[in-house]
Each structure stands twice: as structure tokens, then as C-alpha cells.
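Trainee:
2 protein chains.
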Amino acid sequence: MTVLLRPARRADLARIVALIADDEISAARTGTFDDAHLAGFDAIEADPNNELVVAERDGEVVGTMQLTFVPGISRYGATRLLVEAVRVDSRLRGQGIGRQMMLWAHERGRARGCVLAQLTSDKRRPDAHRFYRSLGYAQSHEGFKLPL
Amino acid sequence: MTVLLRPARRADLARIVALIADDEISAARTGTFDDAHLAGFDAIEADPNNELVVAERDGEVVGTMQLTFVPGISRYGATRLLVEAVRVDSRLRGQGIGRQMMLWAHERGRARGCVLAQLTSDKRRPDAHRFYRSLGYAQSHEGFKLPL
Chain A
207 MTVLLRPARR ADLARIVALI ADDEISAART GTFDDAHLAG FDAIEADPNN ELVVAERDGE
267 VVGTMQLTFV PGISRYGATR LLVEAVRVDS RLRGQGIGRQ MMLWAHERGR ARGCVLAQLT
327 SDKRRPDAHR FYRSLGYAQS HEGFKLPL
Chain B
207 MTVLLRPARR ADLARIVALI ADDEISAART GTFDDAHLAG FDAIEADPNN ELVVAERDGE
267 VVGTMQLTFV PGISRYGATR LLVEAVRVDS RLRGQGIGRQ MMLWAHERGR ARGCVLAQLT
327 SDKRRPDAHR FYRSLGYAQS HEGFKLPL
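Heads up: the sequence lines are chains A and B, in that order.
Counting from 1 along the first sequence, just add 206 to a position and that's the residue number in our numbering.
Counting from 1 along the second sequence, just add 206 to a position and that's the residue number in our numbering.
Rendered as C-alpha cells:
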């Protein structure tokens, strides 16, 4: 199943929030679409190093992810591609949509000069870990989070 | 031992690169100071959502870290504080410098509206993992990397 990848529009946001919230782990911490999500969208739009992307099929948004291009000093001044909030419609999983999205993200990262992609995935998502390993990712790091 | 935290200057960069390279895991992938690191520094300087920070004691740089403020949709449109490339002079570890740096980073993140801090640490660094847990971080995620 082939999807079209494109920048998210403001009109996509309610659907994006629903996709992000559509699992047990994320539901409680995402909530239903409101002004806070709109403010987040506007902040992404205002930052040239951030891109919110959707996967579309037959005019419907079926996936989403956020890309951040992070300049740095390590690894010979490498720019990194950070991938966050990757989601595919739960009714359409296992059909290669996530793979198309990630390959597109890597291409976009290379176009922006990134030499490394990185992401974290909740330890409770073993299927996602298998998916990222299948794309060639090394599961080399521990991921830490702290509410501020 | 109290340190002063301040934005990095271009003149600090050779020292920062040496700090980042000063361990077995990072040495090979950081290299010695050259134009590539300067380009990385300039890219950080040009991005209002990135800050390279140093810890200074008696006029000497003894630690470094990079902060990235990442807008987002998840967690009610939360902005995240991403902390990368945290290093303390290997001769001065265990004296609370890293803790001062991280607490400063969290304060800076809050001032920038961040509600969550996140970082990854190589699985070969168990001492670092213990340190982050001692700061209250949840070791909740797997971290993945892919060369592009």
C-alpha cells in the first residue's frame, strides 16, 4: 500500500492528535485535540529545523511523524535527524506504511545534511523495536525521560 | 565543587571537542578539532532552539552539554528539552559537576517552556545510567541510531 508523504497542515491536526493518542501508552498523555496542540503545531511551523509530516492515502491521513534536524559538535559536527511521534493508523499496520514513512524521513534527513538518525521507543513497544531493527537501526542506547 | 554554567564561545570549541572525545566510546567518532566542528558550532549558534553550554571553574572549561528545545504535538503540545553530549572532565568526575550541569539544564528548559527532559545514553555507560536515575529520570525507552 503506497502512501503520499507531505508536510502536515493545520487542518490535519485533529487527525494527527487522534493518531498519536490511539494506543494505551499514549492516550492518557496526549488527550483530545485542543488549543495546546495548536500551539505546538504553530511552534513546529515557526522552526525551520522541525517538520511535522503526514502519510496520506486516498485523501485520508493514515500516519504521522515529526522530524527535527539537530546541529551538533559530536561525530565531526554532525547534524542528526531526530524522529519523534511516529504513528500509523492502527487499522492499517503491517502493510508497509511505517517503512515508507521512515525511508522518506531518512531521505529528507540526508537532504538536510543529517548523517545520523536517532529515535527512542517506549520499552513497552517490542513490536516497534523489531521494526526499527529491521530498518537497520542499532538498539544501542538507553532512553531517559524526566518531567520538568 | 561549584561551577559556572554559561553559553559556549567559539574560543571554547577545541576544549569542548577534547572533552567530548575523552572516552573510549566517543574518541573514534569525535576526532580532533577541525573545521567540521566549527561548522557544527556555527549551526548551533544560528538556531535559537539550540544552546551549547560549558561548565567553567577557575577560568577553565570542565564540562559541556548541548540543549535543544523541541516543540511538539504529543503530551498536549509539549516542548521537550533534549540534552546531548554531556561530558565532565574525566579527572573531575564524582564531585557533583554533572549534577549541577543537569539541574541548570532543567532550569533552563523550564524557562524555555519545556515540560519534559529527555536524553539517551550508550548501553555501555552503566555509571551514567545510575547518574540519570539518581536525578529522577525514568529509564523507560530504548534508544536507536542509524547512520544515514
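Positions of the beta carbon are idealized from the N, C-alpha and C atoms, including for glycine.
What's the C-alpha gap between A/ASP333 and A/ASP218?
Mentor: Rounded to the nearest angstrom, the two C-alpha atoms are 27 Å apart.
Trainee: Helix, strand or coil for B/VAL223, going by three-state DSSP, please let me know.
Mentor: Reduced to three states, the DSSP call for B/VAL223 is helix.
Trainee: For the segment 287 to 301 of chain B, which residues have a CB atom closer than 8 Å to at least one CB atom of chain A, in sequence order?
Mentor: Flagged, chain order: LEU287, LEU288, GLU290, ALA291.
Trainee: Report the three-state DSSP secondary structure of A/PHE350 (helix, strand or coil).
Mentor: Looking at A/PHE350 - three-state DSSP - the assignment turns out to be strand.
Trainee: With A/PRO277 and B/GLY246 assumed to form a contact (beta carbons below 8 Å), what rounded beta-carbon distance in angstroms separates them?
Mentor: That pair is a contact at about 6 Å.
Trainee: In terms of residue numbering, what span does the beta strand (DSSP E) encompassing A/SER327 cover?
Mentor: Counting along the chain, the beta strand (DSSP E) containing A/SER327 begins and ends at 320 to 328.
Trainee: So the beta strand (DSSP E) A/THR270 belongs to, where does it begin and stop?
Mentor: Per DSSP, A/THR270 belongs to the beta strand (DSSP E) from 266 to 276.
Trainee: For B/LEU298, which three-state DSSP category applies?
Mentor: Note: B/LEU298 maps to helix in three-state DSSP.
Trainee: Straight-line CA distance for B/ARG299 to A/PHE239?
Mentor: Taking the straight line joining both Cα atoms gives about 45 Å.
Trainee: Can you grab the Cα-Cα spacing for the pair A/ARG263 / A/GLU257, in whole Å?
Mentor: Computed Cα separation, rounded: 20 Å.
Trainee: How many Å lie between B/VAL289 and A/GLY302 at the Cα?
Mentor: Approximately 32 Å between the Cα atoms of the pair.
Trainee: Looking only at C-alpha atoms, which of A/THR270, A/LEU210, A/VAL209 sits nearest to A/ALA227?
Mentor: If we check each option's Cα against that of A/ALA227, A/THR270 comes out closest.
Trainee: Between B/TYR343 and A/VAL292, what straight-line distance do the alpha-carbon atoms span, to the nearest angstrom?
Mentor: Distance between the alpha carbons of B/TYR343 and A/VAL292 is about 23 Å.
Trainee: Relative to the C-alpha of B/ALA284, which residue among A/LYS329, A/ASP248, A/PRO213, A/ASP328 is closest?
Mentor: The residue with the shortest Cα to Cα distance from B/ALA284 is A/ASP248.
Trainee: A/VAL268 and A/ILE222 look like a contact to me (Cβ under 8 Å); what is the Cβ gap, rounded to whole Å?
Mentor: That belief does not hold up - the Cβ atoms of A/VAL268 and A/ILE222 are roughly 11 Å apart, past 8 Å.
Trainee: A/VAL209 bridges to which residues according to DSSP?
Mentor: None, per the DSSP bridge assignment.
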